[in-house]
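J.: Residue numbering for the sequence shown is 0 to 564, as defined by numbering that gives the first Met the number 0.
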Amino acid sequence: MRRLAENAFALTVALLIALTLAATFAEQVRAQLWQRYANYTSPFLEPLPSGPSRPPLARRVVVVLVHGLRLDESRQMPALNAWRMRGADITLELRPPTYRLPMLLTSLSGAWPETHGATTNSPLLLTQPDTILRTAQASGKTTAFVGSDSLSDWLGATLQRVEVVDELAPAQRDQQAVELALTVLNDSARPAQLVLVALSLPEETAQRDPESYRAAIAATDFRIEAIGQALDLGVDTFVVLSDRGLTYDGRSGGGEAEVVRAPLVLAGAGVAPGAQAIAPATAVAPTLAALMGAPIPAHAQSGPILEALAPEPALLMASARQLTAFYELWSATMRQPRFASALLRRYEDRLAAGDTISYAKWLAELNQSVRQAASARLNTERITRLPLAAGASLLLLLTTGLIVNRQLIRPAAGALAYLVAWAVLFFVARGGRLSLSLFPDGDPTATLGEWARSSSALMGLIGVAIAFTSGSCEDVFEAIVAALGALGMIAIVQLWVFIGFYWQWGDAFTWTLPDSSAFTAALLALTQLAGLSIQATPDLPRLPLALLVAIAAAVIYAFVRRPSI
0 MRRLAENAFA
10 LTVALLIALT
20 LAATFAEQVR
30 AQLWQRYANY
40 TSPFLEPLPS
50 GPSRPPLARR
60 VVVVLVHGLR
70 LDESRQMPAL
80 NAWRMRGADI
90 TLELRPPTYR
100 LPMLLTSLSG
110 AWPETHGATT
120 NSPLLLTQPD
130 TILRTAQASG
140 KTTAFVGSDS
150 LSDWLGATLQ
160 RVEVVDELAP
170 AQRDQQAVEL
180 ALTVLNDSAR
190 PAQLVLVALS
200 LPEETAQRDP
210 ESYRAAIAAT
220 DFRIEAIGQA
230 LDLGVDTFVV
240 LSDRGLTYDG
250 RSGGGEAEVV
260 RAPLVLAGAG
270 VAPGAQAIAP
280 ATAVAPTLAA
290 LMGAPIPAHA
300 QSGPILEALA
310 PEPALLMASA
320 RQLTAFYELW
330 SATMRQPRFA
340 SALLRRYEDR
350 LAAGDTISYA
360 KWLAELNQSV
370 RQAASARLNT
380 ERITRLPLAA
390 GASLLLLLTT
400 GLIVNRQLIR
410 PAAGALAYLV
420 AWAVLFFVAR
430 GGRLSLSLFP
440 DGDPTATLGE
450 WARSSSALMG
460 LIGVAIAFTS
470 GSCEDVFEAI
480 VAALGALGMI
490 AIVQLWVFIG
500 FYWQWGDAFT
510 WTLPDSSAFT
520 AALLALTQLA
530 GLSIQATPDL
540 PRLPLALLVA
550 IAAAVIYAFV
560 RRPSI
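1. Any idea what DSSP makes of phenylalanine 8, helix, strand or coil?
2. Between valine 12 and isoleucine 489, what straight-line distance do the alpha-carbon atoms span, to the nearest angstrom?
3. When the distance is taken between beta carbons, is phenylalanine 43 closer than 8 Å to threonine 236?
4. Taking 6 Å as the limit between beta carbons, can you name the residues of its chain near methionine 0, skipping five residues before and five after?
5. Tell me which same chain residues have a C-beta within less than 6 Å of the C-beta of aspartate 440, skipping the five on either side of it?
6. So, alanine 218 versus leucine 200, is the Cβ gap smaller than 8 Å?
7. To the nearest angstrom, how far is the alpha carbon of phenylalanine 467 from that of alanine 278?
8. Examine the Cβ distances between the segment 131-144 and the segment 83-91 and report whether three or more of them are shorter than 8 Å.
9. Taking C-alpha atoms, which residue in Leu64, Gly430, Ile131 and Arg344 lies nearest to proline 285?
10. How big is the Cα-Cα spacing for valine 161 and alanine 225?
11. Ignoring anything shorter than 3 residues or poking outside the segment 179-236, list the beta strand (DSSP E) runs there in chain order.
12. Can you tell me whether DSSP reads valine 618 as helix, strand or coil?
13. Since I believe threonine 281 is in contact with glutamine 300 (beta carbons under 8 Å), could you give me their beta-carbon distance rounded to a whole number of angstroms?
14. May I ask which residues mark the beginning and end of the beta strand (DSSP E) holding alanine 159?
15. Write down the C-beta distance between tryptophan 252 and serine 436 rounded to the nearest angstrom, noting that I regard them as a contact closer than 8 Å.
16. Quick one: what's got a C-beta closer than 8 Å to leucine 522's C-beta in the same chain, skipping five residues either side?
17. From what residue to what residue does the beta strand (DSSP E) around valine 264 run?
18. Whole alpha helix (DSSP H) runs in the segment 311-380 with 4 or more residues, listed along the chain?
19. What number of angstroms, rounded off, separates the C-alpha of phenylalanine 24 from the C-alpha of leucine 528?
20. When the distance is taken between beta carbons, is aspartate 220 closer than 8 Å to proline 96?
21. Should tyrosine 98 be labelled buried (16 or more other beta-carbon atoms within 10 Å of its own) or exposed?
22. Would DSSP call leucine 3 helix, strand or coil?
23. Need the endpoints of the beta strand (DSSP E) that valine 475 sits in, please.
24. Got a sec? Which residues, its chain only, sit under 6 Å from leucine 184 by beta carbon, not counting five neighbours each side?
25. What's the call for proline 122, buried or exposed, on a 16-neighbour Cβ count within 10 Å?
26. For glycine 558, count neighbouring Cβ atoms within 10 angstroms of its own Cβ and tell me buried if that reaches 16, exposed if not.
27. Please classify leucine 512: is it buried, with 16 or more other beta-carbons within 10 angstroms of its beta-carbon, or exposed?
28. For valine 194, tell me which candidate among Ser469, Tyr358, Phe497 and Arg58 has the shortest Cα-Cα distance.
29. Check each candidate in Leu150, Pro169 and Trp502 and name the one with the smallest Cα separation from alanine 388.
30. How many Å lie between alanine 256 and aspartate 474 at the Cα?
31. Inspect the beta-carbon positions of proline 312 and alanine 268 and report whether they are closer than 8 Å.
32. First and last residue of the beta strand (DSSP E) that includes glutamine 527?
33. Does the beta-carbon distance from alanine 309 to alanine 274 come in below 8 Å?
34. With valine 570 and valine 61 assumed to form a contact (beta carbons below 8 Å), what rounded beta-carbon distance in angstroms separates them?
35. The beta strand (DSSP E) spanning glutamine 275 covers which residue range?
36. State yes or no: is the C-beta of alanine 289 within less than 8 Å of the C-beta of proline 296?
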């Protein structure tokens with residue numbers, strides 16, 4: 000009996016120490032993991048030679064960028080549908096992170112976030128990607144922007160003319176943007192060959208008052224029509240583009256179907272009427288470059304949307320050479336065998352002749368080679384992380400054995416009850432998803448803080464509930480071990496989630512971004528671990544939840560214990 004009591008006491012002390020340290024570890028690792036993601040630095044932005052200019056397909060290209068316009072809602076806009084009928088109807092496919100700035104840079108540069116480097120709405124971009132605004136300027140064309148000052152700050156040096164809206168209310172701001180855009184379009188003294196007009200009412204309405212989103216869409220449709228009517232489609236091209244969709248409660252960032260599909264409508268000079276296509280968001284910048292006759296941005300990762308454009312044989316070789324130059328740099332940076340130049344040599348004659356079928360085959364082979372090289376690099380890194388991940392998993396398995404060897408039913412039942420309750424709270428009651436859309440504007444602080452408190456409360460309740468079943472335990476330490484054992488098994492499950500993520504993606508992102516759902520799951524697992532340290536108010540010090548549960552278990556045991564006969 001004495002030996003059993005000593006073992007229970009030792010396990011109690013060990014669990015108290017381990018759970019307290021786990022909370023500190025989780026909080027630090029979570030903060031570090033997010034910082035490395037938010038401050039991701041792309042290794043693929045080395046300067047590359049600019050391609051040649053070509054004869055433009057249009058005298059002027061006018062782009063209306065509508066922030067947060069969902070694809071399904073765009074098909075309920077009468078004026079926009081009329082432009083679809085006159086031109087090309089394209090569905091764009093996006094990749095997380097789908098926050099505003101990463102998707103804007105993808106549209107303007109033709110590069111995915113892991114290449115252009117922006118992962119949130121406030122990144123620290125030491126080097127910026129090449130964009131259609133810069134290549135247009137470099138080829139002697141004038142660019143103009145109408146929109147918010149925050150967006151103009153990002154586009155800054157690539158613009159010759161900026162018209163900033165200063166109205167406070169979103170509806171008035173967009174109306175002012177339309178009026179300023181018409182002024183720019185009618186200014187024959189300072190003509191601009193690329194005009195970008197940003198409208199934000201749908202996005203801001205969805206975030207503030209989702210029920211009014213459709214009314215905002217109707218107002219935006221009217222404003223799009225006003226801009227389009229000012230153009231001569233015989234020589235001008237009209238483009239309506241959404242940077243990304245939004246969830247039905249106004250969020251973005253993740254990979255939800257309504258977020259990663261966005262509309263692109265083109266009409267006018269250089270556009271093939273009646274065209275329909277599905278294209279990656281990286282195809283927007285090359286398509287605009289084709290319309291303007293400007294060089295394709297050097298870091299673009301897709302070709303133009305050929306289905307939407309009038310035939311232009313020179314465009315195929317321009318796109319192929321740009322992509323080849325980029326992926327030669329990409330391969331060298333990845334330390335993988337180079338493949339792009341050899342592939343281009345196989346197709347060069349057919350591409351030079353303007354063979355669009357050969358271009359499609361070449362592009363498919365190029366993308367397959369890219370996927371294979373990325374997979375090879377990722378698999379190599381996973382092999383190097385495997386020993387540490389396996390060792391940590393073995394340690395967790397041994398810890399689980401110690402707990403269940405002492406107490407099986409209560410800790411296992413408590414851990415299972417917690418996991419089920421947490422899942423119901425997260426997925427059902429709160430409607431949560433394993434998505435970066437959980438974090439508004441790419442800031443997880445408030446959301447993760449809320450879930451840390453919820454997890455603390457839930458774990459505390461589980462510990463107390465188990466304590467009430469401890470009346471048959473031999474002594475108080477057995478009762479405490481039962482309660483702490485449940486917390487221990489909960490912590491082990493969360494650590495396994497993190498270890499799985501670490502093995503797959505690592506804890507430092509140097510050339511690729513992790514799967515957004517897996518990344519969110521890892522952050523939430525670490526948040527639940529951080530919940531093992533509880534802070535009632537910001538003014539009070541943090542307290543170990545394990546210690547509080549142990550004290551509660553001891554007090555409860557004193558009332559519910561049943562003396563052995």
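For glycine and all other residues, C-beta sits at the position ideal for the given N, C-alpha and C.
These numbers come from a predicted model, not from an experiment.
T.: Straight from the coordinates:
1. helix
2. 18 Å
3. no
4. Residue confidence for methionine 0 is low, a pLDDT of 44 falling below 50, so the modelled location carries little weight; the figure read from the coordinates is stated next. Result list for methionine 0: empty, nothing under 6 Å.
5. Asn120
6. yes
7. 59 Å
8. The answer is no - the segment 83-91 does not touch the segment 131-144, with fewer than three Cβ pairs under 8 Å.
9. Ile131
10. 20 Å
11. 193-198
12. For residue 618 there is no data in the structure shown, the boundaries of the chain being 0 and 564.
13. 5 Å
14. Sequence inspection shows glutamine at residue 159; the alanine mentioned does not correspond to that position. That residue, glutamine 159, is in no beta strand (DSSP E); it is neither H nor E in DSSP.
15. With the sequence shown as reference, residue 252 is identified as glycine, and tryptophan is not the correct amino acid for it. Going by Cβ atoms, the distance from glycine 252 to serine 436 rounds to 5 Å, so yes, they are a contact pair.
16. Arg29, Leu32, Trp33, Pro443 and Leu447
17. That run of the beta strand (DSSP E) goes 260-267.
18. 312-333 and 339-351
19. 9 Å
20. It is not a contact, given that the beta carbons lie outside the stated cut-off.
21. Looking at its Cβ environment, which holds 16 or more other Cβ atoms inside 10 Å, tyrosine 98 is buried.
22. Note that leucine 3 has pLDDT 46, beneath the 50 cutoff, so the model's placement of it is unreliable and the number below is only indicative. Helix, per DSSP.
23. Premise fails: valine 475 lies in the alpha helix (DSSP H), 475-504, not in any beta strand (DSSP E).
24. Same-chain partners within the cutoff: Ala229.
25. buried
26. Note that residue 558 is phenylalanine in the sequence shown, not glycine. Looking at its Cβ environment, which holds fewer than 16 other Cβ atoms inside 10 Å, phenylalanine 558 is exposed.
27. buried
28. Arg58
29. Alanine 388 has its Cα closest to that of Trp502, out of Leu150, Pro169 and Trp502.
30. 55 Å
31. no
32. Careful: glutamine 527 lies outside any beta strand (DSSP E), inside the alpha helix (DSSP H) at 515-529.
33. no
34. What the structure shows of the chain is the stretch from 0 to 564, and residue 570 is not part of that stretch, so it cannot be assessed.
35. 275-279
36. no
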